[in-house]
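Asks: 156 is the number that the working numbering gives to position 173 of the sequence shown; each next residue is one higher, with no gaps. Here it is, the structure in full.
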Amino acid sequence: MDKLLVEGGHTLQGTVQIGGAKNSAVALLPAALLADSTVTIDNLPLISDVEHLGEILQASGAFIHHEGTKMTINPQSARPEIMPNGQMKKLRASYYMMGAMLGKFKQATLGLPGGCDLGPRPIDQHIKGFEALGAEVTNDRGMLCLRAKELRGARIYLDVVSVGATINIMLAASRAKGQTIIENAAKEPEIIDVATLLSSMGAKIKGAGTDVIRIDGRQTLSGCAHSIIPDRIEAGTYMITAAAAGNEVLIDHVIPDHVEPLTAKLREMGVQIEEGDEQLLIRPGNELQRVDIKTLVHPGFPTDLQQPATALLTKAQGTSIITDTIYNARFKHVDELRRMGADVKLEGRSALITGAKSLEGAKVKASDLRAGAALVIAGLMADGVTEIADVHHIERGYERLEAKLKGIGAKIWRAKASREEVEALRANER
Ligand code: EPU
């Protein structure tokens, strides 16, 4: 299995181009099934989650043409095929096939979703929504069976603010009879992106981006073309990377408003950030100051940047506290950071990070996607070479990570090899 080898201590400078948003892409592709003619999605990130969803759509009988950042989906030949466990387990967002197939065919039989292990990740709110729309949902030996004679609009209050449940209900409701109202809806930019696609298909959606969304369903939806918004979490990861190891790094193709919670925290740490229309210029100060961070639903600080931010705070002066209010077990990166010399203590849902510690390169493991990003950042700050195993987690959500980092001067290699063999790779590059 591939590893990443990161040599720390090099100052990063230059421009990083941000790709399309993973968490939009993985919802927009299943959403294409809801149309009755061809949908083209552009600005797709080049990540394995997108490839796996393409395979899942193909398995449903849809015709797919995927080239680079563009996928054309003709859903006319799609059928309510049984989606087996193996395929669905490859990623969390396979759960959007529930809303899409239920909306389109009024039935779906699917394995349970997989994804990063961040502790319990129930889908009770998705099911509550489908049932309110008129579906019967049963669990038959690990397969979820959804059936509805017809879907009828309903008023649904989410007990937990959930991105996935909000989007899944929007998908099914866009082909239900009448109006659906989602109360206590999630407000992430990706939800607005999905609403934009569904509106282009002909559904009438109001309030996306607020906590009350109204969806007027349609019996038929038409094909359309859509370009995905920039990935705010990828942008945020490179902003943190720039603060950790950069001199002047320009983050290009970003919507500055979408990363505001991070921008505010980095400024509090002493990082200078200049905003353009679609660009952010990051200049870290001489000394980073401690901060406390609490992850919250949007527009609060995103949980998906908690792990990269933990890595950065090992460099700040003083003790910082990061609390994750969204997931209670998103701390697997902490053990790995400790292997590199970080002083981090866990107390419940909080990590206490005593900063200004120099990190040492070590052999570590990416336990999940954002933990992987955190270790890359730690590796860039550390003395010596850090060897990161289980890179497939990183490939799920960061496109061309090594190329983008190399473009700003990082020393990073992919290898099946051990640390010793990196010397040979480095020699080739000289
Ligand atoms: N929750 C429930 N019941 C539900 C749904 C969620 O209790 O039916 C709880 C979850 O256990 C969690 C909280 O509600 O504690 C929020 O979960 P949410 O449903 O919002 O998360 P998700 O839709 O499964 C998406 C992203 C995650 C991101 C979260 C929070 C996708 C494919 N995934 O997950 O992204 O962390 O929203 O913003 O959109 C990542 O990109 O690394 C990632 C994990």
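Glycine included, every Cβ here is placed at the ideal spot set by N, Cα and C. Keep in mind the model is a prediction, meaning the values are calculated, not measured.
Between the alpha carbons of VAL317 and LEU335, how many angstroms are there, rounded?
Replies: Taking the first residue of the sequence shown as 1, we reach residue 317 at position 334. Taking the first residue of the sequence shown as 1, we reach residue 335 at position 352. For VAL317 and LEU335, the distance between alpha carbons rounds to 10 Å.
Asks: Would GLU119 be called buried (16 or more neighbouring beta carbons within 10 Å of its own) or exposed?
Replies: On the sequence shown, position 136 is the one that residue 119 refers to. Classification for GLU119: exposed.
Asks: By a C-beta neighbour count over all protein chains shown, 10 Å radius and 16 as the cutoff for buried, is LYS328 buried or exposed?
Replies: Sequence index remark: in the sequence shown, residue 328 carries index 345 (1-based). Classification for LYS328: exposed.
Asks: Any chance the CB of ALA191 is under 8 Å from a heavy atom of the ligand EPU?
Replies: For the purposes of this step, residue 191 is taken as residue 208 along the sequence shown, with counting starting at 1. Every heavy atom of the ligand EPU is 8 Å or more from the Cβ of ALA191, so no.
Asks: If I follow the unbroken beta strand (DSSP E) through ALA131, where does it start and stop?
Replies: The sequence position of residue 131 within the sequence shown is 148, counting from 1. Taken as a continuous stretch (DSSP letters only), ALA131 belongs to no beta strand (DSSP E), as it is neither H nor E.
Asks: Are ALA218 and PRO267 close, meaning C-beta to C-beta below 9 Å?
Replies: Here residue 218 refers to the residue found at position 235 of the sequence shown. Here residue 267 refers to the residue found at position 284 of the sequence shown. Cβ distance not < 9 Å, so ALA218 and PRO267 don't count as in contact.
Asks: Just mark PRO67 as buried or exposed, buried being the case when its beta carbon has 16 or more other beta carbons within 10 Å.
Replies: Taking the sequence shown and counting its residues from 1, one reaches residue 67 at position 84. Under this definition PRO67 is an exposed residue.
Asks: Closest to THR246 by C-alpha separation, out of ILE211, GLY283, PRO213, SER210, would be which residue?
Replies: Translated into the one-based positions of the sequence shown, residue 246 becomes position 263. The shortest C-alpha separation from THR246 is found at GLY283.
Asks: At a threshold of 8 Å, does TYR310 count as lining the ligand EPU (C-beta to nearest heavy atom)?
Replies: If you number the sequence shown from 1, residue 310 lands on position 327. Because some heavy atom of the ligand EPU lies under 8 Å away, the Cβ of TYR310 counts as near it: yes.
Asks: Using the three-state DSSP reduction, which class does GLU378 fall into: helix, strand or coil?
Replies: Locating residue 378 in the sequence shown gives position 395, where the first residue counts as 1. GLU378 falls in the helix class under three-state DSSP.
Asks: Just to confirm the assignment: which complete beta strand (DSSP E) runs, minimum length 3, are found wholly within the stretch 282 to 352?
Replies: For the stretch 282 to 352, whole beta strand (DSSP E) runs of length 3 or above, ordered along the chain, are 302 to 307, 326 to 330, 333 to 337, 346 to 348.
Asks: Can you find a heavy atom of the ligand EPU that lies under 8 Å from the Cβ of SER350?
Replies: Mapped onto the sequence shown, residue 350 falls at position 367. It does not: the Cβ of SER350 is nowhere closer than 8 Å to a heavy atom of the ligand EPU.
Asks: Using alpha carbons as the reference points, say which of GLU382, LEU279, ARG397 lies closest to GLY51.
Replies: For the purposes of this step, residue 51 is identified with residue 68 of the sequence shown, where counting begins at 1. Cα-wise, what sits closest to GLY51 is GLU382.
Asks: For SER303, is the classification buried or exposed, using 16 other Cβ atoms within 10 angstroms of its Cβ as the cut-off for buried?
Replies: As a first step, residue 303 must be located in the sequence shown, where it is residue number 320. It counts as buried.
Asks: Could you check the C-alpha separation between ILE1 and LEU(-5) for me, to the nearest Å?
Replies: Reading the sequence shown from its first residue, position 18 is the one you call residue 1. Reading the sequence shown from its first residue, position 12 is the one you call residue -5. Using only the alpha carbons, I get a separation of about 16 Å.
Asks: Nearest by alpha-carbon distance to THR278: which of GLY(-3), ILE256, GLU251, THR306 is it?
Replies: If you number the sequence shown from 1, residue 278 lands on position 295. The option with the nearest alpha carbon to THR278 is THR306.
Asks: For GLY125, I'd like the list of residues in its chain whose CB is within less than 8 Å of its CB, leaving aside the five on either flank, ordered along the chain.
Replies: To locate residue 125, count along the sequence shown from 1; it is residue 142. Answer for GLY125: ASN68, GLY94, LEU95, listed in chain order.
Asks: Just to confirm the assignment, what range does the beta strand (DSSP E) spanning GLY52 have?
Replies: The residue given as residue 52 occupies position 69 in the sequence shown. With the sequence shown as reference, residue 52 is identified as Thr, and Gly is not the correct amino acid for it. Element bounds for THR52: n/a, residue is neither H nor E.
Asks: So ALA357 packs on THR308, CB below 8 Å; how close in whole Å?
Replies: By 1-based counting over the sequence shown, the position of residue 357 is 374. By 1-based counting over the sequence shown, the position of residue 308 is 325. Not really, about 18 Å apart at Cβ, beyond 8 Å.
Asks: Under 7 Å Cβ to Cβ from GLY206, same chain only, skipping five residues before and after it: list those, please.
Replies: On the sequence shown, position 223 is the one that residue 206 refers to. Contacts found: ALA18, SER20, THR21, VAL22.
Asks: Comparing the CB of GLY380 with every heavy atom of the ligand EPU, is any distance shorter than 8 Å?
Replies: Here the question's residue 380 lines up with position 397 in the sequence shown. Flag set: Cβ of GLY380 near the ligand EPU.
Asks: Nearest CA to the CA of PRO291: which residue from TYR78, GLY(-8), GLY355, HIS48?
Replies: Sequence index remark: in the sequence shown, residue 291 carries index 308 (1-based). Residue GLY355 is the option with its Cα nearest to PRO291.
Asks: Classify THR220 as buried or exposed, calling it buried when 16 or more other Cβ atoms lie within 10 Å of its own Cβ.
Replies: Position 237 of the sequence shown holds residue 220. Looking at its Cβ environment, which holds 16 or more other Cβ atoms inside 10 Å, THR220 is buried.
Asks: Could you tell me whether any non-hydrogen atom of the ligand EPU is closer than 8 Å to the CB of ASN6?
Replies: Numbered from its first residue, the sequence shown carries residue 6 at position 23. Under cutoff, so the answer is yes.
Asks: Whose CA, out of ASP123, ALA83, ASP235, lies closest to the CA of PHE113?
Replies: By one-based count along the sequence shown, residue 113 stands at place 130. Answer by Cα proximity: ALA83.
Asks: Kindly examine the ligand EPU and report whether one of its heavy atoms sits closer than 8 Å to the Cβ of ARG353.
Replies: Against the sequence shown, residue 353 aligns to sequence position 370. Checking every heavy atom of the ligand EPU against the Cβ of ARG353, one is found closer than 8 Å.
Asks: Hey, SER210 and ILE188: beta-carbon distance below 9 Å or not?
Replies: By 1-based counting over the sequence shown, the position of residue 210 is 227. By 1-based counting over the sequence shown, the position of residue 188 is 205. For SER210 and ILE188, no; Cβs fall outside 9 Å.
Asks: With hydrogens ignored, establish whether the beta-carbon of VAL274 is closer than 8 Å to any heavy atom of the ligand EPU.
Replies: Position 291 of the sequence shown, counted from the first residue, corresponds to residue 274. Every heavy atom of the ligand EPU is 8 Å or more from the Cβ of VAL274, so no.
Asks: Examine the Cβ distances between the stretch 194 to 201 and the stretch 26 to 35 and report whether three or more of them are shorter than 8 Å.
Replies: Taking 8 Å as the limit for Cβ pairs, the verdict is that the stretch 26 to 35 does not touch the stretch 194 to 201.
Asks: Could you spell out where the alpha helix (DSSP H) holding GLY86 opens and where it closes?
Replies: Counting from one through the sequence shown, the residue named residue 86 turns up at place 103. 79 to 88 is the extent of the alpha helix (DSSP H) around GLY86.
Asks: Is the stretch 36 to 43 close to the stretch 69 to 80, with three or more CB pairs under 8 Å?
Replies: Segments in contact, yes.
Asks: ALA299 and GLY259 look like a contact to me (Cβ under 8 Å); what is the Cβ gap, rounded to whole Å?
Replies: The residue labelled residue 299 in the question sits at position 316 within the sequence shown. The residue labelled residue 259 in the question sits at position 276 within the sequence shown. Between GLY259 and ALA299 the Cβ distance is about 26 Å, and since that is not below 8 Å, they are no contact.
Asks: Would you call the CB atoms of ALA168 and ILE174 closer than 9 Å?
Replies: Counting from one through the sequence shown, the residue named residue 168 turns up at place 185. Counting from one through the sequence shown, the residue named residue 174 turns up at place 191. Contact flag set, yes.
Asks: Can you give the beta carbon distance from LYS5 to GLY390, rounded, assuming they're within the 8 Å contact cut?
Replies: Along the sequence shown, read from residue 1 onward, the residue named residue 5 stands at position 22. Along the sequence shown, read from residue 1 onward, the residue named residue 390 stands at position 407. The Cβ separation is near 20 Å, so there is no contact.
Asks: Under 8 Å from any heavy atom of the ligand EPU, does the C-beta of GLY97 make it?
Replies: By one-based count along the sequence shown, residue 97 stands at place 114. No, the ligand EPU has no heavy atom inside 8 Å of this Cβ.
Asks: Give me, in chain order, the residues of the same chain whose beta-carbon lies closer than 8 Å to that of ARG321; leave out the 5 immediate sequence neighbours on both sides.
Replies: Counting from one through the sequence shown, the residue named residue 321 turns up at place 338. The residues are VAL327.
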